[in-house]
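**Student:** Shown below is the structure under consideration.
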Amino acid sequence: MDFCAETNEVSKRKTACREALEQPIECDITLPEYLPDIQRVLKCSLTAHISSVQKTGDRVTADGTGRLSVLYMSDTGKLQCLEQGVPFSRFFENRAVEECECCVRAKTEYVNCRAVSGRRLDIHGSISITFSCYSCERKKLICACSGGGVETKSEKNEVCNMLGCSEKGFTVSEIYEIGDAKPAISQIVRSYASAVIEDTKAVSGKILIKGELTVKTLYIAETNDNELQTTEHTMPINQIVEVEKADDESINIIKLVISDLAVSAKSDAAGALRLLDAGAEIRAYTETYKSEEMNMVTDAYSVNYEIESKLTPTEIRRLDDSFTDTHLCRGRLDLSGTDTERILDMSVAGIEYNTSRVKDELLISGAIKVNLLTVSRENETSFFERQFDFEYRRREEFSGERTEFSPFITVTGSDYILNSGDTLDARVEITISAAVFSVSTVNVITDITVDSERPKKPSEAALTVYFADKGEKVWDIARHYNTTADKIISENNLEGMLVTEKCRLLIPRA
1 MDFCAETNEV
11 SKRKTACREA
21 LEQPIECDIT
31 LPEYLPDIQR
41 VLKCSLTAHI
51 SSVQKTGDRV
61 TADGTGRLSV
71 LYMSDTGKLQ
81 CLEQGVPFSR
91 FFENRAVEEC
101 ECCVRAKTEY
111 VNCRAVSGRR
121 LDIHGSISIT
131 FSCYSCERKK
141 LICACSGGGV
151 ETKSEKNEVC
161 NMLGCSEKGF
171 TVSEIYEIGD
181 AKPAISQIVR
191 SYASAVIEDT
201 KAVSGKILIK
211 GELTVKTLYI
221 AETNDNELQT
231 TEHTMPINQI
241 VEVEKADDES
251 INIIKLVISD
261 LAVSAKSDAA
271 GALRLLDAGA
281 EIRAYTETYK
291 SEEMNMVTDA
301 YSVNYEIESK
311 LTPTEIRRLD
321 DSFTDTHLCR
331 GRLDLSGTDT
341 ERILDMSVAG
351 IEYNTSRVKD
361 ELLISGAIKV
371 NLLTVSRENE
381 TSFFERQFDF
391 EYRRREEFSG
401 ERTEFSPFIT
411 VTGSDYILNS
421 GDTLDARVEI
431 TISAAVFSVS
441 TVNVITDITV
451 DSERPKKPSE
461 AALTVYFADK
471 GEKVWDIARH
481 YNTTADKIIS
491 ENNLEGMLVT
501 EKCRLLIPRA
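Numbering (our numbering), first residue to last: 1 to 510.
What follows is the structure, encoded as structure tokens:
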């Protein structure tokens, strides 16, 4: 007996392991001599940055820094800012690590600050470090059979298979002037960066990424009023990422995550602090897919031998959409009871969101948290936290039973309008990048064995008369009588695999 089964593969990204570890941040800070005494702490913030990720065997190690920024009013009545970095290192061990791509994210859980004296601060905080390890899970299935008298029923499905995933870290840095129209820098209060992809091109296992890194810096000016100023600068991103099997036909999903940002003031030729030295550590996370039409065997039998087959529920993914979109989120914030006269600064502290599929739309809904630095009518500087809800909807044509949708959201801009009635209209621009997969479950044969030692007894009758009802499937009839669907169709001049009306069929012997 000469029997052959052809196989194919479906593949997807699999989370092999995930672990969240807590990293406490505790420090006692004494102000440097050049800073005046603390009168009142306005805000203490803790920002977690991952600077490097190293994988050795079954261990992955993440090194990073918890950057503390304390905004306070001095005893001279001026706004001051103190920054200090607290380095940390954590590792995670698991057998699955060695064969996986590892992604490490850090998030601030909380931070508390207390002024022990005019020159000492007691700070306690916590950072959660999440280690996520991903692999490419592959499942074999039968796509065709020949020999052994085996008959197969199959269906064609469009499948978006994962080819591979990768992660690469790189640095973008530049020293630039703040501009002649801006006053010189006294102190940097905060810096924020966003990385946006403008174009990608894949050739022979390599992907060229082109984009922009925008750095926005808020600083205290070297003026008598100690005013706050904002400066913005854009740097080009040009990187090549190696991804196995990536080519001009592959679908490449790339996320640029800023893992660390450092901005410091430098003196120009005249000795004034008018230069900024900005450096960003960026990690490019890449997933590569390819869509193809695949034949899948969903049922099988042999007219000559007994067979054993394994029917397995198998998830197949189709790429419904891959997009990058810009959305403007608007919200009205209540400032009643704050006696706010003017806003010195508004910054985005974070975005919490959920995703869902509602009828023919994708829905992202959540809340945007903003920080407000204000001045009251009595000329007192204060700090407030507020949040507002937002929604983003996108119409889609879904092709499957359920949807997998993991958006990547970057804040690219923000502004505000202070109204007269103790309210503020906040506007936050976000860039949303996502791949939308529809997922269906198909029962397919993943293994088949023909038992040549158990031949089937042939039918004694050359023809069998069968009275079929409308809607019956020729495949089911052929399987029941151990013959082939092609012979039934040929013998009865049928036009397809479905009986269209009640009739008498002649069932030929196989």
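No residue lacks a Cβ here, since even glycine has one placed at the ideal position from N, Cα and C. Only a predicted model underlies this, so the values are computations on that prediction, with no experimental measurement involved.
Quick one: using the 10 Å Cβ neighbour count with 16 as the cut-off for buried, is Phe54 buried or exposed?
**Tutor:** The residue you call residue 54 lines up with position 54 of the sequence shown. The sequence shown places Gln at residue 54, rather than the Phe named in the question. By the neighbour-count rule (16 or more Cβ atoms within 10 Å), Gln54 is not buried but exposed.
**Student:** Thinking just about the alpha-carbon of each residue, which of Ser399, Gly169, Asp486, His233 is nearest to the one in Ala62?
**Tutor:** Within the sequence shown, numbered from 1, the residue matching residue 62 stands at position 62. For the residues Ser399, Gly169, Asp486, His233, the minimum Cα distance to Ala62 belongs to Gly169.
**Student:** Going by the DSSP bridge assignment, what does Tyr392 pair with across the sheet?
**Tutor:** For the purposes of this step, residue 392 is taken as the residue at position 392 of the sequence shown. DSSP, once it has assigned bridges, lists Ile364 as partnering Tyr392.
**Student:** So within the stretch 198 to 227, which uninterrupted beta strand (DSSP E) runs reach at least 3 residues, ignoring any that extend past its ends?
**Tutor:** Listed in chain order, they are 206 to 221.
**Student:** According to the Cβ coordinates, are Ile445 and Ala300 closer than 8 Å?
**Tutor:** Start at 1 with the first residue of the sequence shown, and residue 445 comes out as number 445. Start at 1 with the first residue of the sequence shown, and residue 300 comes out as number 300. Yes; because the gap between Cβ atoms is below 8 Å, this pair is in contact.
**Student:** When you compare only the Cα positions, how much space is there between Thr234 and Tyr72?
**Tutor:** As a position in the sequence shown, residue 234 is number 234, starting the count at 1. As a position in the sequence shown, residue 72 is number 72, starting the count at 1. Their Cα atoms are separated by approximately 30 Å.
**Student:** Within 10 angstroms of its Cβ, does Arg40 collect 16 or more other Cβ (buried), or is it exposed?
**Tutor:** Along the sequence shown, read from residue 1 onward, the residue named residue 40 stands at position 40. Arg40 comes out exposed.
**Student:** Considering Cα atoms alone, identify which of Glu232, Asn238, Lys216, Pro24 is closest to Lys201.
**Tutor:** Start at 1 with the first residue of the sequence shown, and residue 201 comes out as number 201. Minimum Cα distance to Lys201 is reached at Asn238.
**Student:** Taking the alpha-carbon positions, what's the Glu6 to Val297 distance?
**Tutor:** Numbered from 1 along the sequence shown, position 6 holds the residue referred to as residue 6. Numbered from 1 along the sequence shown, position 297 holds the residue referred to as residue 297. Spanning the two alpha carbons is a distance of roughly 10 Å.
**Student:** Assuming Ala510 and Thr483 are in contact, meaning their beta carbons sit under 8 Å apart, how far apart are those beta carbons, in whole angstroms?
**Tutor:** To locate residue 510, count along the sequence shown from 1; it is residue 510. To locate residue 483, count along the sequence shown from 1; it is residue 483. Their Cβ separation, rounded to whole angstroms, is 4 Å, which keeps Ala510 and Thr483 in contact under 8 Å.
**Student:** Assign Lys12 to buried or exposed, taking buried as 16 or more other Cβ atoms, counted over all protein chains shown, within 10 Å of its Cβ.
**Tutor:** Translated into the one-based positions of the sequence shown, residue 12 becomes position 12. Flag for Lys12 reads buried.
**Student:** According to DSSP, Cys143 sits in a beta bridge with which residue or residues?
**Tutor:** The residue given as residue 143 occupies position 143 in the sequence shown. Per DSSP, none; premise fails for Cys143.
**Student:** Only counting the same chain, and skipping five residues up and downstream in sequence, which positions put a Cβ closer than 6 Å to that of Val215?
**Tutor:** One-based indexing of the sequence shown puts residue 215 at position 215. Cβ neighbours of Val215 beyond the five flanking positions: Ala193, His233, Ala278.
**Student:** Use the C-beta contact count for His49: other C-beta atoms within 10 angstroms, 16 or more gives buried, fewer gives exposed.
**Tutor:** The count along the sequence shown starts at 1 and reaches residue 49 at position 49. Result: buried.
**Student:** Return the CA-CA distance between Arg395 and Thr76, expressed in angstroms with no decimal places.
**Tutor:** Residue numbering aside, residue 395 sits at position 395 when the sequence shown is read from its first letter. Residue numbering aside, residue 76 sits at position 76 when the sequence shown is read from its first letter. Taking the straight line joining both Cα atoms gives about 56 Å.
**Student:** Between the Cα of Gly64 and those of Asp58, Lys107, Gly149, Ile29, spot the shortest distance and give me the residue it belongs to.
**Tutor:** Here residue 64 refers to the residue found at position 64 when the sequence shown is read from its first residue. Comparing Cα-Cα distances from Gly64 to each of Asp58, Lys107, Gly149, Ile29, the minimum goes to Lys107.
**Student:** Ile178 lies in the beta strand (DSSP E); which residues open and close that run?
**Tutor:** Counted from its first residue, the sequence shown places residue 178 at position 178. Careful: Ile178 lies outside any beta strand (DSSP E) and carries neither H nor E.
**Student:** Just to confirm, are Ala511 and Cys100 a CB contact at a threshold of 8 Å?
**Tutor:** There is no way to answer for residue 511, as the model of the chain reaches only from 1 to 510.
**Student:** Have a look at Leu121, Ile142, Val111, Arg95 and flag the residue whose alpha-carbon is nearest the alpha-carbon of Ser135.
**Tutor:** By one-based count along the sequence shown, residue 135 stands at place 135. Cα-wise, what sits closest to Ser135 is Arg95.
**Student:** Considering only the alpha carbon of each residue, which of Ala434, Leu333, Ile129 lies closest to Ser286?
**Tutor:** Taking the first residue of the sequence shown as 1, we reach residue 286 at position 286. Before going on, a small fix: residue 286 reads as Thr here, not Ser. When each option's Cα is compared against that of Thr286, the closest is Ala434.
**Student:** Given a cut-off of 8 Å, decide if Lys156 and Glu9 are closer than it, judged by their beta-carbon atoms.
**Tutor:** Working through the sequence shown from its first residue, we reach residue 9 at position 9. Working through the sequence shown from its first residue, we reach residue 156 at position 156. Cβ distance not < 8 Å, so Glu9 and Lys156 don't count as in contact.
**Student:** For Gln229 and Lys182, which I take to be in contact (beta-carbon distance under 8 Å), what is that distance rounded to the nearest angstrom?
**Tutor:** Along the sequence shown, read from residue 1 onward, the residue named residue 229 stands at position 229. Along the sequence shown, read from residue 1 onward, the residue named residue 182 stands at position 182. With a Cβ gap of about 6 Å, Gln229 and Lys182 count as contacting.
**Student:** Would you report the Cα separation of Glu98 and Thr381, rounded to the nearest angstrom?
**Tutor:** Counting from one through the sequence shown, the residue named residue 98 turns up at place 98. Counting from one through the sequence shown, the residue named residue 381 turns up at place 381. Cα to Cα, the separation comes out at about 52 Å.
**Student:** Could you say if the stretch 447 to 461 and the stretch 305 to 319 meet the contact criterion of at least three C-beta pairs nearer than 8 Å?
**Tutor:** They touch, by the three-pair rule.
**Student:** Using only CA atoms, which one of Gly148, Thr171, Lys78, Ile25 lies nearest to Ile123?
**Tutor:** The sequence position of residue 123 within the sequence shown is 123, counting from 1. Nearest C-alpha to Ile123: Ile25.
**Student:** Straight-line CA distance for Tyr110 to Cys44?
**Tutor:** For the purposes of this step, residue 110 is taken as the residue at position 110 of the sequence shown. For the purposes of this step, residue 44 is taken as the residue at position 44 of the sequence shown. Cα to Cα, the separation comes out at about 10 Å.
**Student:** At 3 residues or longer, what runs of the beta strand (DSSP E) sit wholly inside the stretch 459 to 489?
**Tutor:** Those beta strand (DSSP E) runs which fall completely within the stretch 459 to 489 and span 3+ residues are 463 to 468.
**Student:** Comparing C-alpha positions only, which one of His480, Cys503, Asp248, Ser459 sits nearest to Gly471?
**Tutor:** If you number the sequence shown from 1, residue 471 lands on position 471. The residue with the shortest Cα to Cα distance from Gly471 is Cys503.
**Student:** What are the residues that DSSP puts in a beta bridge with Val97?
**Tutor:** Translated into the one-based positions of the sequence shown, residue 97 becomes position 97. Answer is none; Val97 lacks a bridge partner.
**Student:** Report buried or exposed for Phe88, applying the criterion of at least 16 other Cβ atoms within 10 angstroms of its Cβ.
**Tutor:** To locate residue 88, count along the sequence shown from 1; it is residue 88. Buried, by the Cβ-count rule.
**Student:** Can you have a look at Leu463 and say buried or exposed, based on whether 16 or more other CB atoms are within 10 angstroms of its CB?
**Tutor:** What you label residue 463 is simply residue 463 of the sequence shown in a count that begins at 1. Answer is exposed; the Cβ neighbour count stays below 16.
**Student:** Distance, Cα to Cα, Leu42 vs Leu218?
**Tutor:** Taking the sequence shown and counting its residues from 1, the one referred to as residue 42 is at position 42. Taking the sequence shown and counting its residues from 1, the one referred to as residue 218 is at position 218. Their Cα atoms are separated by approximately 16 Å.
**Student:** If you follow the beta strand (DSSP E) that Pro508 is in, where does it begin and where does it stop?
**Tutor:** By one-based count along the sequence shown, residue 508 stands at place 508. Start and end: 503 to 508.
**Student:** At what residues does the beta strand (DSSP E) containing Phe437 begin and finish?
**Tutor:** Residue 437 sits at position 437 when you count from the first residue of the sequence shown. Looking at the DSSP string, the run of the beta strand (DSSP E) that includes Phe437 is 423 to 455.
**Student:** When you compare each of Glu177, Glu244, Gly148 to Lys206 by their alpha carbons, which one comes out closest?
**Tutor:** On the sequence shown, residue 206 is found 206 positions in, with the first residue counted as 1. Cα-wise, what sits closest to Lys206 is Glu244.
**Student:** Between the Cα of Lys14 and those of Asn492, Gly164, Asp422, spot the shortest distance and give me the residue it belongs to.
**Tutor:** As a first step, residue 14 is located in the sequence shown; it is residue number 14 there, counting from the start. Nearest option by C-alpha distance: Gly164.
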